[in-house]
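Throughout the sequence shown, residue numbering follows our numbering, covering 72 to 189 in sequence. Backbone N, C-alpha and C define an ideal beta-carbon position, used for all residues, glycine too.
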Amino acid sequence: MLQEGEEPAWNLLFKRRLRVWQEEQKQRLLQKLQGYQMDRSRDDIMEWRWNANKIFSLSSAYAEWENQMQNQNGWLSVIWRNLCPPKIEVFVRQAVQNRIATGSILCSRGIFASGNDL
Numbered sequence: 072m073l074q075e076g077e078e079p080a081w082n083l084l085f086k087r088r089l090r091v092w093q094e095e096q097k098q099r100l101l102q103k104l105q106g107y108q109m110d111r112s113r114d115d116i117m118e119w120r121w122n123a124n125k126i127f128s129l130s131s132a133y134a135e136w137e138n139q140m141q142n143q144n145g146w147l148s149v150i151w152r153n154l155c156p157p158k159i160e161v162f163v164r165q166a167v168q169n170r171i172a173t174g175s176i177l178c179s180r181g182i183f184a185s186g187n188d189l
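And the structure:
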């Protein structure tokens with residue numbers, strides 16, 4: 072609780088001692104939070120901004136995730152929605168993960184020498 076005249080500050084409390092890498096993440100979070108001001112005249116509330124009634128639902132989270140995925144990779148939504156045959160889905164998934172045994176990938180893995188004809 073803030074006393075009158077006190078400047079608001081973020082004070083993060085944890086149940087256990089943080090590891091070194093977690094401390095670093097905590098510091099990064101605190102740096103990001105510095106730009107946000109606390110409004111003492113309003114109660115703290117949680118709102119889900121991707122739903123009209125501001126209440127979280129799994130369907131609204133999925134819709135927002137799908138929207139972001141379409142914006143980033145429109146072609147992935149075609150595969151994700153099962154509009155392609157399973158063989159195509161598997162092939163595209165392997166291609167995205169660089170798991171198709173092309174000549175350049177086989178050479179990079181040391182299976183073929185770079186000068187060999189495939």
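Check	Outcome
As assigned by DSSP and simplified to three states, the class of Asn-138	helix
Backbone CA spacing between Leu-177 and Phe-183 [nearest angstrom]	6 Å
Ser-112 vs Asn-122 beta-carbon contact at 8 Å	no
Given Gln-108 as reference, the closest of Ala-80, Cys-155, Thr-173 and Ser-179 once Cα atoms are compared	Ala-80
Three-state class that DSSP yields for Trp-92 in the structure shown	helix
Where the alpha helix (DSSP H) containing Ala-166 begins and where it ends	157-167
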